[in-house]
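Protein chains: 2
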Amino acid sequence: MSTPHAILIALLEKPSSGYDLARRFDRAIGYFWQATHQQIYRELGRMVAAGWVSVMDDAAASRKKVYAVLPVGRDEVARWVRETPLGPNERNVFLLKLRADAVIGPLGLAEQLARLVRENRARLAVYREIEQRDFGAAVLSRGQALQYAILKAGIRTQESWLAWAAEVGPLVSDASPDA
Amino acid sequence: MSTPHAILIALLEKPSSGYDLARRFDRAIGYFWQATHQQIYRELGRMVAAGWVSVMDDAAASRKKVYAVLPVGRDEVARWVRETPLGPNERNVFLLKLRADAVIGPLGLAEQLARLVRENRARLAVYREIEQRDFGAAVLSRGQALQYAILKAGIRTQESWLAWAAEVGPLVSDASPDA
DNA sequence: AGGCGCATGTAATGGGTTACATGATTGA
DNA sequence: TCAATCATGTAACCCATTACATGCGCCT
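Right, dumping it as structure tokens:
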């Protein structure tokens, strides 16, 4: 999932301490992208060394260090979003890139989305074939019914994601809306 | 995800060689549960040592080793399905357990499914609150629209999974259908 | 005075990923 | 005979997970 970039993006949204980051990753953020506080502290250390983020002692809470993304780190996020190809099945990574796109201007995600859509459509077609071939019978045994249920989980997931993708498409389209 | 148990269950469905297992994990199976051939060979070695599976040279293809699950391994699968609690967000692990349930009799998954349903309903409620609180405005900026899209991905996922769970419920219910 | 939550870290383990390696079979 | 696929493995690295550790501040 690329923990460092997930952290960078979270810091772009709001500069935070390691502790606060850990809490954010425990809450809403953590449903898609997970990181423990140990990973967070380790990556923060590395990223400070790399010059991607800065550290400052919090004025209010004495023993708190607030991390913020430096321009170099911002560029690194943009580079990662643009250049790192998405594996199949990496929808949550795409969501992470969307988050980056929401914070720092448009990054041209249309092509990557289109690719995901193509792959997921293809997978859905495969599932549909299996469905017709293996589960066409009127009566299924318990085992078959369960295997069918597993397949249906896949089918539903694909369909629901594709419907979502159709909605987001316009938001990441490179062409201006009314050109 | 527990690679060893994923392999055991795949072997229960069909005794295979390491190579064939790797191919199965590359295809349909691998959409939910992934394992490279190196992991597979390592785990097969361990499980043979543990007495969970047996090895036999394939009669047809000379240099092929066919692995099959022994009774002890079968019991281990049943134990794992029953006793290992599901973390939140481990829906694919539940699917893996369903596959085990499909191969070796009913294993009493109703309770675990009910728990997942409760958790996912709660999460959906949280998302709905965020939706109303943060995205009620008529006009959203580009960034807000994208953040909303990310939230909607979560909402859709929850809804679609809950609909699926409602369908599977009867299949794993412990009570007999018409008692 | 003691316990709990805050806040930051270190250390060790185990598993996943990648690269490397070998030999046998099949088809062009 | 050359390349590609089959089939099995070893080795090294990196990362995630778990456990351990420390000290401050607040509340009772």
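So the sequence lines, in the order shown, correspond to chains D and U.
Take 1 as the starting number for the first sequence in the numbering used here and just add one per residue.
Take 180 as the starting number for the second sequence in the numbering used here and just add one per residue.
Glycine is no exception: its CB is placed at the ideal position from the N, C-alpha and C atoms.
Fair warning: this is a prediction, and the values are worked out from it, not measured in the lab.
Per DSSP, which residues does residue i bridge with? Please list them.
i, result
"residue 247(U)", "233(U)"
"residue 16(D)", "67(D)"
Grab the span of the alpha helix (DSSP H) containing residue i for me, first residue to last.
i, result
"residue 336(U)", "321 to 351"
"residue 97(D)", "91 to 103"
"residue 307(U)", "289 to 313"
"residue 29(D)", "From DSSP, residue 29(D) is part of no alpha helix (DSSP H); its letter is neither H nor E."
"residue 45(D)", "37 to 49"
Quick check: is any heavy atom of the ligand FMN less than 7 Å from the C-beta of residue i?
i, result
"residue 170(D)", "Ligands are entirely absent from the displayed structure, and the ligand FMN is therefore not among its contents."
Excluding the five sequence neighbours on either side, which residues of its own chain have a C-beta within less than 7 Å of the C-beta of residue i, listed in chain order?
i, result
"residue 302(U)", "337"
"residue 87(D)", "none"
"residue 6(D)", "33, 35, 96"
"residue 107(D)", "78, 81, 82, 100, 101"
Going by beta carbon distance, what residues of the same chain come within less than 6 Å of residue i, once the five residues before and after it are set aside?
i, result
"residue 149(D)", "none"
"residue 155(D)", "127"
"residue 99(D)", "9"
"residue 191(U)", "248, 282"
"residue 72(D)", "51, 52"
"residue 92(D)", "32"
Tell me which same chain residues have a C-beta within less than 8 Å of the C-beta of residue i, skipping the five on either side of it?
i, result
"residue 165(D)", "113, 116, 117, 120"
"residue 341(U)", "296, 299, 300, 303"
"residue 179(D)", "Annotation note: pLDDT 41 at residue 179(D) (below 50); position unreliable, coordinate value reported separately. Same-chain partners within the cutoff: there are none."
"residue 58(D)", "17, 64, 65, 66"
"residue 22(D)", "35, 36, 37, 40"
"residue 194(U)", "245, 246, 247, 248"
"residue 319(U)", "327"
>> Quick test of the definition: if touching needs 3 or more C-beta pairs under 8 Å, does the region 40 to 60 of chain D touch the region 103 to 121 of chain D?
In response: Between the region 40 to 60 of chain D and the region 103 to 121 of chain D, the count of C-beta pairs closer than 8 Å stays below three; the two stretches do not touch.
> For the 8 Å Cβ check, are there 3 or more pairs between the region 199 to 210 of chain U and the region 247 to 265 of chain U?
Replying inline: Result no; under three Cβ-Cβ pairs closer than 8 Å.
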